[in-house]
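Colleague:
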Amino acid sequence: LFDFETDVGRGKGVVRLTLEEGDDGDGDTWKAFMINFTLVEMKGFEEKVGINRPTGHVDDLRKGNWREQRERQVEFLDEEPAVLIIGAGHAGINLGVRLRHLGIPTLMVDRNEHVGDSWRKRYRTLMTHDPIQYCHLPFIPFPADWPLFTPKDKLADWLESYAKMMELNIWTSTEVQDTSYDERSKSWTVKLLRHAHDDGGSTRVIRPRHVVLATGQAGDPIAPSFPGQDGFRGAVYHGSQHSDASSIADLASKRVLVVGSGNSSHDICQNFHDSGAASVTMIQRGGTYVVTANKGLLLMHKGMYDEGGPPTDDADIVAQSMPTPVQFALHSLGTKFIADTVDRDLLDGLGKAGFKLDFGPGGSGIFRKYLTRGGGYYIDIGCSQLIADGKVKVHHSPDGISGFTPSGLTLADGTTLEADIVVLATGYDGMRSSARKILGDAVADRVKDCWDLDEQGEINSIWRSSGHPGFWYTGGNLALCRSYSRLLALQIKAVEEGLFIQT
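Numbered by this note's numbering, the letters in the sequence shown go through residues 398 to 900 in order.
Printed below as a string of structure tokens:
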């Protein structure tokens, strides 16, 4: 790692060296084969931390004390927000705190009643699948006694407390009603509906220069319909609607089919099994990459995001410093090592149970699947052993489902499976679909699709120019949102200061 400075900012770089053997008795020579520069701060707009921290003094009480000023700031009574962030989950919160430290007035809106509800309202057994050392938020790391993997409600409470402590301006129970963009003024007109408990709510029109979509890395649920579905006598619902199997009446007599084989499918299958369903069967179409959370994933992060590892900011710089296609190639080595060592017995058991494994293109594992597909993997927290032991059954159906019968499903190969409950864990649409739903066709038709790689090997659209001026995407897991929120905030600040033109 090294520090660097330019006319406009300061940053950190990473250089990787290789030893080149000399010819004809010449000595070996170290040569740089890869070098990266990452901007960390802009001059004159350094983060308000350490020696730059605010004093906390109130210079003019006629403007109110701290609390009174905060009440006016949250309501934007004295100024317009420069940035509107749609979504106050962990993606929006990470970006919001970065923008606040750059002095950019930012409003966040969320349709949920409380900050953290995007986690709180999901299925009862949900936990983070990444270790806590990988998941820190900016400025306030998780406490040293925090569990390695975090239950959803505990994380939701942390996000709610964090947002308050970091003085983020958030309007909950608020929806975007209408938007338009003025090319001449380079600003948006956004009509917001703020719901109230005692009346029909109120509207507010704001005119930010930037809108950021932070509603999650996926869009609307993909819930296919099948022939005969209306005649099925049981219950059918998408995995996004699953809450807790134990609340289902007479569950001990219910035969459950879960369509899909990603993270959500596994968690739902495990929830039904642990809650006492009569039988649980997973319908798997394509192969799935599996890595254990408590062994394989920890080994994957060893030396970077673990106890005794480098400071999180430095680890992020190193993680960002390598071209993504090169990371894909190197992940193939790590993926094979994990599969051949700590996860070997479990993967062998899955294969014997009829579960189809897929290690991704070139054996690159989870990292490439995450960035290019947003799925096709499972971070195991217990369901894989249930499958290996035969407690959760698997039917592999490469050609999918033919249709419903009154009492179950017929697979494409003619196999008939009886069921009382069918859960469609069939994934979600892309972030562009969310942009279309919230901001309309005029915006969605101009922006690019998110994720996967462009022709230069860079991740499409997210945390960078989207294709529409004044519009940005952010999303992903906790670690990516923390790491890339700084770079996105710096781009927005550079636009504000006339140093960068968004394309």
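Where a beta carbon is used, it is the ideal one built from N, C-alpha and C, also for glycine.
In three-state terms, what does DSSP make of residue 498?
Modeller: In the structure shown, residue 498 sits in a helix (DSSP, three-state: H, G or I).
Colleague: By alpha-carbon positions, which one of 793, 417, 631 ends up nearest to residue 428?
Modeller: It is 417 whose Cα lies nearest to the Cα of residue 428.
Colleague: Report yes if the CB atom of residue 766 is closer than 8 Å to the CB atom of residue 772, and no otherwise.
Modeller: In this structure, residue 772 lies closer than 8 Å to residue 766 by Cβ.
Colleague: Is residue 516 buried or exposed, if buried means 16 or more other CB atoms sit within 10 Å of its CB?
Modeller: Buried is the call here.
Colleague: Following the continuous beta strand (DSSP E) through residue 638, name the residue where it begins and the one where it ends.
Modeller: Note, residue 638: premise wrong, no beta strand (DSSP E); not H, not E.
Colleague: Are the CB atoms of residue 821 and residue 633 within a distance shorter than 8 Å?
Modeller: Yes, they are a contact pair.
Colleague: By DSSP, does residue 801 sit in helix, in strand, or in coil?
Modeller: Three-state result, residue 801: strand.
Colleague: Output the distance between the C-alpha atoms of residue 673 and residue 643, rounded to the nearest integer angstrom.
Modeller: C-alpha separation (whole angstroms): 8 Å.
Colleague: Thinking residue 520 and residue 639 are a contact (beta carbons under 8 Å), I'd like their distance in whole angstroms, please.
Modeller: Correct: roughly 5 Å between the Cβ atoms.
Colleague: Can you check whether the CB of residue 568 is closer than 8 Å to the CB of residue 591?
Modeller: Yes; because the gap between Cβ atoms is below 8 Å, this pair is in contact.
Colleague: Just mark residue 460 as buried or exposed, buried being the case when its beta carbon has 16 or more other beta carbons within 10 Å.
Modeller: When all chains shown are included, residue 460 counts as exposed.
Colleague: Where does residue 668 land, buried or exposed, given buried means 16+ other C-beta within 10 angstroms?
Modeller: Flag for residue 668 reads buried.
Colleague: Provide the residue span of the beta strand (DSSP E) that contains residue 403, from first to last.
Modeller: No beta strand (DSSP E) holds residue 403; DSSP gives it neither H nor E.
Colleague: I'd like to check one pair, residue 857 with residue 848: are the Cβ atoms closer than 8 Å?
Modeller: Yes.
Colleague: Just to confirm the assignment: which complete beta strand (DSSP E) runs, minimum length 3, are found wholly within the stretch 526–571?
Modeller: As far as the stretch 526–571 is concerned, it has no whole beta strand (DSSP E) run of at least 3 residues.
Colleague: Going by CA-CA distance only, name the one from 708, 577, 661 that's closest to residue 838.
Modeller: Residue 577 is the option with its Cα nearest to residue 838.
Colleague: Given residue 432, which residues of its chain have a CB within under 8 Å of its CB, disregarding the five upstream and five downstream residues?
Modeller: Taken in chain order, the residues that qualify are 410, 411, 412, 413.
Colleague: In whole angstroms, what separates the C-alpha of residue 472 from that of residue 462?
Modeller: Straight-line Cα distance between these residues: approximately 16 Å.
Colleague: My output table needs one value for residue 430: the three-state DSSP class, helix, strand or coil.
Modeller: In the structure shown, residue 430 sits in a strand (DSSP, three-state: E or B).
Colleague: For residue 701, which residues from the same chain have a beta carbon less than 6 Å from its beta carbon, with the 5 sequence-adjacent residues on both sides left out?
Modeller: Within the same chain, residue 701 has close Cβ partners 712.
Colleague: Please identify the residue among 850, 721, 828, 852 whose C-alpha is closest to the C-alpha of residue 841.
Modeller: Nearest option by C-alpha distance: 828.
Colleague: Quick check: the Cα distance between residue 717 and residue 751, rounded to an integer number of angstroms?
Modeller: Roughly 38 Å between the two C-alpha positions.
Colleague: Could you give the distance in angstroms between the alpha-carbon of residue 670 and the alpha-carbon of residue 784?
Modeller: About 11 Å.
Colleague: How is residue 898 classed by DSSP in three states: helix, strand or coil?
Modeller: If DSSP states are grouped into helix, strand and coil, residue 898 belongs with coil.
Colleague: Tell me the DSSP secondary structure of residue 756 in three-state form.
Modeller: It is coil, neither helix nor strand.
Colleague: On the DSSP letters alone, give me the boundaries of the alpha helix (DSSP H) that residue 732 sits inside.
Modeller: Run containing residue 732: 721–737, per the alpha helix (DSSP H) assignment.
Colleague: Would a C-beta distance cut-off of 8 Å place residue 610 and residue 831 closer than the cut-off?
Modeller: Against a cut-off of 8 Å, the Cβ pair of residue 831 and residue 610 comes out as a contact.
Colleague: Can you round the beta-carbon distance between residue 531 and residue 698 to whole angstroms, since I take them to be within the 8 Å contact cut?
Modeller: With a Cβ gap of about 6 Å, residue 531 and residue 698 count as contacting.
Colleague: CA-CA distance, residue 675 and residue 523?
Modeller: Between residue 675 and residue 523, the C-alpha separation is close to 22 Å.
Colleague: Please report the residue range of the beta strand (DSSP E) in which residue 481 lies.
Modeller: Counting along the chain, the beta strand (DSSP E) containing residue 481 begins and ends at 480–483.
Colleague: For residue 888 and residue 897, what's the separation of their Cα atoms in angstroms?
Modeller: Residue 888 and residue 897: Cα-Cα distance of roughly 7 Å.
Colleague: Considering only the alpha carbon of each residue, which of 803, 467, 430 lies closest to residue 629?
Modeller: Closest option to residue 629, Cα to Cα, is 803.
Colleague: How about residue 426 and residue 620: do their beta carbons lie closer than 8 Å?
Modeller: Going by C-beta atoms, residue 426 is not nearer than 8 Å to residue 620.
Colleague: So residue 715 and residue 763 are supposed to be a Cβ contact under 8 Å. How far apart are they, rounded?
Modeller: About 19 Å; that fails the 8 Å criterion.
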